[in-house]
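Report on the structure given below.
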Amino acid sequence: MGEKKTITKDMIINDVIQKYPKTIGIFKDFGVDACCGGGFSIEKTAAMSGGDMEKLLTKLNNAVK
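According to my numbering, the sequence shown is numbered sequentially starting from 399.
And the structure:
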């Protein structure tokens with residue numbers, strides 16, 4: 399069985415921040431503008447910024463354990 403992730407690539411950034419406020423710092427560390435880019439999914443934002451989505455998801459999920 400695989401490990402179930404709390405935060406997935408399909409989630410909207412603002413929804414994640416609203417549910418898990420402590421994640422805002424992680425998004426900032428990855429250069430994600432939660433104000434202007436917060437309406438996009440994590441996957442879309444990572445693709446637009448050239449960021450490492452898997453690394454971001456790992457950090458986000460570790461923060462909300």
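Built from N, CA and C at the ideal position, the CB exists for glycine as well. Because the structure is a prediction, the values reported are computed rather than measured.
To the nearest angstrom, how far is it from the Cα of residue i to the Cα of residue j?
i      : j      : result
Gly436 : Asn412 : 5 Å
Lys420 : Val414 : 10 Å
Asn459 : Ala445 : 19 Å
Lys417 : Gly429 : 20 Å
Using a threshold of 8 Å, state whether the C-beta atoms of residue i and residue j are closer than that.
i      : j      : result
Ile422 : Ala432 : yes
Thr406 : Val462 : no
Lys457 : Ile424 : yes
In the DSSP assignment, the alpha helix (DSSP H) including residue i goes from what residue to what residue?
i      : result
Met446 : 440 to 447
Met409 : No alpha helix (DSSP H) contains Met409, which DSSP labels as neither H nor E.
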